[in-house]
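> In the UniProt record's numbering, the protein residues as written are 1 to 279. By construction, the Cβ of each residue, glycine as well, lies at the ideal position given by its N, Cα and C atoms. Below is the structure I would like to discuss, written out as structure tokens.
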Amino acid sequence: MKTFPLGDRTVHRIGFGAMQLPGRGAFGPPRDRAEALAVVRRAVELGVDHFDTAQYYGPDVANELLRTALHPYDSRLVLVSKVGAARDAKGGWIPAQEPEQLRAGVLDNLRSLEVERLDVVNLRVTGSDGDFDGQLDAMIAMRDEGLIGAVGLSNVNLAQLEHALTRTPVACVQNPFNLVDRGGEDVLRACTAGGIAFVPFFPLGAAFGRERVLGHPAVKATALRLDVTPAQVALAWILAVAPNTLLIPGTASLEHLEENVAAGRVVLDDEAMTALTAG
């Protein structure tokens, strides 16, 4: 697997997103705890060294599963989390954007993962909630304090990225992006030019969007011609579209994990790239 820098670390370009380890909607216990733990351990065996998580997945469920499966962590593993959101009693998503909430979120991640420092923490920006500079102040302070290794951003537009870069180096940007949703392509281009890792979430689409990606005629035709799966084509396209893309496909299935990691070995020829990029 090829690699790319992530903060002061270097990771393989296919990682693992822990969002699907808890129950439906990233809330509550996993459907099958034994398989969830097996998926995490198998990911490491397959060479995955970049794990993306959040304390509010569950809450605490994803982090507890990672800790149970992997602690004490191999020094080669890079743990990335995010702050800026929380869950209500029914699993609803609520913003947690105030500086004191961001700090509490980092401390919750440190506690639930049983680490003293996180390699990268993404500030998830929710609309215009809160004071962006105040949020950046909190993240920078935690980095300087040694609680986090580097600051990342999530769900930001180009203006927010450019402003953040006047305040601090940015290790990565985690934004929605896939073959049929390219609305964040300007942010991707800026990250590529700046040598910043770009980590697309929902690389196969979310909910009905997944059908739009996997059922796309060019995806299906390419998968048939290359004898791979549509999911592998869609993931391989993101890897090919820019050298700084890092994938974190999530799953609670061993079969899907193997399929996702194998996408790193799929080579898309010129015919495939032309058809897929044309959309």
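#1: What residue ranges within the stretch 97-131 form continuous beta strand (DSSP E) runs of no fewer than 3 residues, ordered along the chain?
#2: Please go through the same chain and pick out, in chain order, the residues whose beta-carbon is closer than 7 Å to the beta-carbon of Ile-196, but skip the five residues on each side of it.
#3: Can you give the beta carbon distance from Arg-31 to Ala-252, rounded, assuming they're within the 8 Å contact cut?
#4: Taking the straight line between their C-alpha atoms, what separation do you get for Leu-239 and Arg-13?
#5: Please identify the residue among Ala-275, Asp-269, Gly-15, Leu-224 whose C-alpha is closest to the C-alpha of Phe-51.
#6: Does the beta-carbon of Lys-220 have 16 or more other beta-carbons within 10 angstroms, so that it is buried, or is it exposed?
#7: Between the Cα of Gln-20 and those of Arg-33, Phe-198, Val-11, Gln-160, spot the shortest distance and give me the residue it belongs to.
#8: Considering Cα atoms alone, identify which of Glu-35, Leu-46, Pro-59, Asp-8 is closest to Phe-27.
#9: Measuring alpha carbon to alpha carbon, tell me which of Met-1, Val-241, Tyr-57 ends up nearest Gly-17.
#10: Which stretch, first to last residue, makes up the beta strand (DSSP E) that contains Ile-94?
#11: Would Asp-94 be called buried (16 or more neighbouring beta carbons within 10 Å of its own) or exposed?
#12: Are the beta-carbon atoms belonging to Asp-119 and Gly-250 less than 9 Å from one another?
#13: Among all the DSSP beta bridges, which residues are the ones paired with Thr-3?
#14: Straight-line CA distance for Ala-38 to Leu-254?
#15: Write down the C-beta distance between Leu-158 and Asp-186 rounded to the nearest angstrom, noting that I regard them as a contact closer than 8 Å.
#16: Might you give, ordered along the chain, the residues of its own chain that have their beta carbon closer than 7 Å to the beta carbon of Leu-66, omitting 5 neighbours on each side?
#17: Per DSSP, what kind of secondary structure is Pro-230 in: helix, strand or coil?
#18: Going by DSSP, name the residue or residues bridged to Gly-152.
#19: Measure the CB-CB distance between Leu-136 and Arg-117 and report whether it falls below 9 Å.
So, from the data block:
#1: 120-124
#2: Val-170, Cys-172, Val-173, Asn-244
#3: 7 Å
#4: 8 Å
#5: Gly-15
#6: exposed
#7: Arg-33
#8: Pro-59
#9: Tyr-57
#10: 93-95
#11: Rather than Asp, the amino acid found at residue 94 in this sequence is Ile. Counting Cβ neighbours within 10 Å, Ile-94 comes out exposed, since fewer than 16 surround it.
#12: no
#13: His-12
#14: 7 Å
#15: 5 Å
#16: Ala-18, Val-40, Phe-51, Thr-53, Leu-113
#17: helix
#18: Asn-122
#19: no
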